[in-house]
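Q:
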Amino acid sequence: MIPVKEAIQIVLQQTPKLDTESVSLPQALGRILAEDIIADTDLPPFDRAQMDGYAVRAEDVARTPACLRIVGESAAGAGWHHEMKAGEAVRIMTGAPVPAGADAVQQVELTREIQSGSQVEILESVDVGRSIVKRAAEIKSGETVLRAGEQINAAMIATLASFGYAQVKIGRRPRVAVMATGSELVSVDEKPGADQIRDSNNYTIAAYAAQSNAIVERLPLAGDDTKELKQQIASAVERSDVLITSGGVSMGVYDFTKAALKELGAEIFFERVALRPGKPTVFARLGNTLIFGLPGNPVSVSVTFNLFARTALRAMQGANDPTHAHEYAVLARDLKGSIDRESYLPAVLRTDEKGTLLAEPLKWGGSSDFVSFARATALINLPAGDRKIAAGSVVRVVHLPS
Ligand code: AMP
Ligand code: MG
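Anchor point for the sequence shown: position 150 equals 132 in our numbering, and the numbering is continuous, going up by one each time.
#1: Only counting the same chain, and skipping five residues up and downstream in sequence, which positions put a Cβ closer than 6 Å to that of residue 275?
#2: Quick check: what's the CA-CA separation for residue -17 versus residue 251?
#3: Shortest alpha-carbon distance to residue 372 belongs to which of 0, 332, 196 and 312?
#4: In the DSSP assignment, the beta strand (DSSP E) including residue 363 goes from what residue to what residue?
#5: Residue 349 to residue 26, Cα distance in whole Å?
#6: What residue from 267, 295, 353 and -7 has the CA that sits closest to residue 158's CA?
#7: With the cut-off set at 8 Å, would you say residue 77 and residue 112 are in Cβ contact?
#8: What distance in whole Å lies between the Cβ atoms of residue 43 and residue 107, which are believed to be in contact at a cut-off of 8 Å?
#9: Looking at the secondary structure, which residues open and close the beta strand (DSSP E) in which residue 101 lies?
#10: Kindly indicate which three-state DSSP category residue 108 falls into: helix, strand or coil?
#11: For residue 181 versus residue 201, is the C-beta spacing smaller than 8 Å?
#12: Would you check if the distance between the CB atom of residue 341 and the CB atom of residue 285 is smaller than 8 Å?
#13: Do you know how far the Cα of residue 303 is from the Cα of residue 188?
#14: In angstroms with no decimal places, state the Cα-to-Cα distance between residue 142 and residue 191.
#15: Straight-line CA distance for residue 65 to residue 39?
#16: Beta carbon of residue 207: closer than 7 Å to some heavy atom of ligand 2?
#17: Would you list the one or two residues that DSSP bridges to residue 309?
#18: On the premise that residue 272 lies in contact with residue -4, defined as a C-beta separation below 8 Å, what is that separation, rounded to the nearest angstrom?
#19: With distances taken between CB atoms, is the gap from residue 359 to residue 330 smaller than 8 Å?
#20: Got a sec: does ligand 2 put a non-hydrogen atom nearer than 7 Å to the Cβ of residue 227?
#21: Answer yes or no: do residue 209 and residue 246 have a C-beta to C-beta separation smaller than 8 Å?
#22: So, for residue 243: in the same chain, excluding its five sequence neighbours on each side, which residues have a beta-carbon less than 6 Å away from its beta-carbon?
#23: Just the Cα atoms here: how many angstroms apart are residue 93 and residue 334?
#24: Figure out for me which residue from 45, 293 and 339 has the closest Cα to the Cα of residue 310.
#25: Here's a check: name, in chain order, each residue in its chain whose Cβ is nearer than 7 Å to the Cβ of residue 205, leaving out the five neighbours to either side.
#26: Can you have a look at residue 288 and say buried or exposed, based on whether 16 or more other CB atoms are within 10 angstroms of its CB?
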């Protein structure tokens, strides 16, 4: 049995980075950047008005009301490219370039046009620089604005668009095969007979993998039969970067997943992790395919996928933070650890009226209770040790993907 931290280290060591690909900007959302993003222009690219109003010289309007002659108009996309002189004003719109000679913009609400629009009365004075964003105040041309390894969110799409990245270089999607094992399983569209249950793991794992940008292939259900398992595994690794199985890795007499892997000549990196739930998790490689043999229990599947498989999928795409981030929260109820294993227990995070982040352990029926587990937003990570952790203690928490 190896500690969780060591298991994650092994996953990172054994996980190769996949090739990169180029996609059009709208396709880049959620993917991992494979290049640094460099600004090709200043932002703003010119001194820009932040308000609709009048470009003025602050000293001309030090005493108000001040009457100025309107000499032109600067609109967004159609600036007024002359020198503005003392006693003059230029009508200006938000996003338009501020003319040379002007050093402030007074907002339209504090002005009044007179003399049928040939003059403007400025009703309040302004400081130099008011309502002007100077050229390059936000970003200088040549600056690195996003780094390789960052995951592209919706706000970053604006950054990519603004600097002309019609095509974006990103890590390619991992091809992931998912296989549920167990002779008790029937598929979602079947009515389970006596002693049978519907397979849920194939769908959960496929959903989690898709959230990590994988191209997912769901394999047919495999019974507890070494020959059948070997056939399916051998064929899946031909066309997948990662194979994720569930079930058949415990100590039962019908747990054949490990035997199948070994008979196929897979290299096993670990097969037991000091983790609750999820002790019998297997990590192996066959050919160039990484294999995660997750336990069958649906809750164990969620925990082990998120600790190990998600880490590998993100690392493959070049993420600079492939592992889950730890945070800290105050435990809302007493909770007990396990003697020799680290625990990752389902919880809901909420803040109390003082603004403290609380981790509320889920009331649930144990490792097989996936219906309750679905309400969890985080996992409480307790260190190994059979002691009671009292309500009010600070504990580590890991966010679950929503
Ligand atoms: P195993 O690890 O194969 O011993 O399975 C542990 C528990 O998880 C058993 O109760 C199985 O019936 C259940 N289980 C295994 N595979 C699945 C699956 N694909 N969907 C739902 N439950 C499963
Ligand atoms: Mg089984």
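Backbone N, C-alpha and C define an ideal beta-carbon position, used for all residues, glycine too.
A: Taking the definition as stated:
#1: These residues qualify, in order along the chain: 227, 231, 239 and 264.
#2: Going by the C-alpha atoms only, they are around 12 Å apart.
#3: Out of 0, 332, 196 and 312, 312 has the C-alpha closest to the C-alpha of residue 372.
#4: Unbroken beta strand (DSSP E) run through residue 363: 360 to 364.
#5: Each residue's alpha carbon lies about 54 Å from the other.
#6: If we check each option's Cα against that of residue 158, 295 comes out closest.
#7: No.
#8: Residue 107 to residue 43, Cβ: 5 Å. Contact.
#9: Counting along the chain, the unbroken beta strand (DSSP E) around residue 101 starts and ends at 101 to 104.
#10: Residue state, collapsed to three classes: coil.
#11: Here residue 181 is not near residue 201, since their CB atoms are 8 Å or more apart.
#12: Not in contact: residue 341 and residue 285 (Cβ atoms no closer than 8 Å).
#13: So the two alpha carbons sit approximately 22 Å from each other.
#14: Taking the straight line from one Cα to the other gives about 26 Å.
#15: Spanning the two alpha carbons is a distance of roughly 12 Å.
#16: Residue 207 Cβ: outside cutoff for every heavy atom of ligand 2.
#17: DSSP links residue 309 through a beta bridge to 379.
#18: Their Cβ separation, rounded to whole angstroms, is 7 Å, which keeps residue -4 and residue 272 in contact under 8 Å.
#19: Against a cut-off of 8 Å, the Cβ pair of residue 330 and residue 359 comes out as a contact.
#20: Residue 227: no, Cβ never under 7 Å from ligand 2.
#21: The answer is no: Cβ separation not under 8 Å.
#22: Cβ contact annotation for residue 243 (same chain, cutoff 6 Å, sequence separation greater than five): 266, in chain order.
#23: If I take the Cα positions, the gap works out to 48 Å.
#24: Answer by Cα proximity: 339.
#25: Taken in chain order, the residues that qualify are 165.
#26: It is buried - the Cβ of residue 288 has at least 16 other Cβ atoms within 10 Å.
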